[in-house]
Structure formats: C-alpha cells, structure tokens
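In terms of my numbering, the numbers along the sequence shown are unbroken and rise by one, the last being 206. Think of the CB as a built atom: it goes at the ideal place given N, C-alpha and C, for glycine as much as any other residue.
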Amino acid sequence: MQSAPKSRLESFVVIEAVANRLEESPALLRRRWPAEAKRRILEETLAPGVNVSAVARAHGVSPQQLFAWRRKALRSGAIALLPDRPEAEAQSFASVEVSRGEGAGMGGLEIVIGDATIRVGNDVAPTLLTTAIRAVRAA
C-alpha cells in the first residue's frame, strides 16, 4: 500500500493580506483650536450661572472636551474663577451685629455691605437674597 502523495513547497501559495479597513473608513479630522478661541470659549464658561454644556454645544465642542480645557487651564493658572464663585472663594464669615430696636421680633434681616443696606423679611427666597447680595457686591 502506498501513502498519499507528499506536498511540495511549490504547491503552496502564500497569501499576503493587508488590512485596508482603515483606508476605506471615512476620515475624521481632528480640529485644532487656536489658543485665542479656547480662551474666549473658556471665559464664557466662567460667568456666574452659565451652563458649561450649553456653551460647548453653542461652539460645536463636546462638553467633555470643554471641561478638560477648563480643568487644564485652571491647574496651569491660565484662568482663574471669579471671586463670587463658591469654588474659588475660601469660606469666610461676615460680622454679625444683633440689635434690639424698632421692629424687634419681626423676623427681618438687615445686611450692610459697604454703604448699601439690604432689608428683607423672613419670607424671602434664598435665591433672590443671593442674587441681591451679588448685585450689591458687584456694584
């Protein structure tokens, strides 16, 4: 009995395969943002009450990218948070004076900032009071 014929090297064909999937996929361009454009966009995000994600959408940047720019700029000292932002300001206390005079026991509050006085009752909304204090401090 004879065994099956042995294969020779000439009978084998070497197939060279090259992945061309990357060549045929759509090219995604990486946008390069000039430093001035980044600075301008980041300044918008630092304004009080601004939604960073909304600013990102308005400029066609992903929110994650904008937060990364912001974090990098804050760490490097290129930008600083505004003083009325809670993240930027260390906890501080105002002096409080309790006076018993007219209207004592009415449940009101009088806040003196410089030469301005804010008088509020006990039914004022905290957000309204915060807005009023910020306005007086900014003036």
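Task: Inter-residue Cα distance where the pair is Arg138 and Val119 - done: 12 angstroms
Open item on the list: I'd like the span of the alpha helix (DSSP H) that includes Arg137, first residue to last.
Closed with: 130–143
Task: Length of the line joining the Cα atoms of Ser143 and Phe134 - done: 14 angstroms
Task: DSSP three-state assignment for Ile200, whether helix, strand or coil - done: helix
Task: beta strand (DSSP E) segments (min. 3 residues) lying fully within the segment 93–126 - done: none
Task: Whole-angstrom distance between Pro193 and Asp182, CA atom to CA atom - done: 22 angstroms
- [ ] Could you round the C-beta distance between Ile108 and Val128 to whole angstroms and report it? I think they count as a contact, below 8 angstroms.
- [x] 7 angstroms
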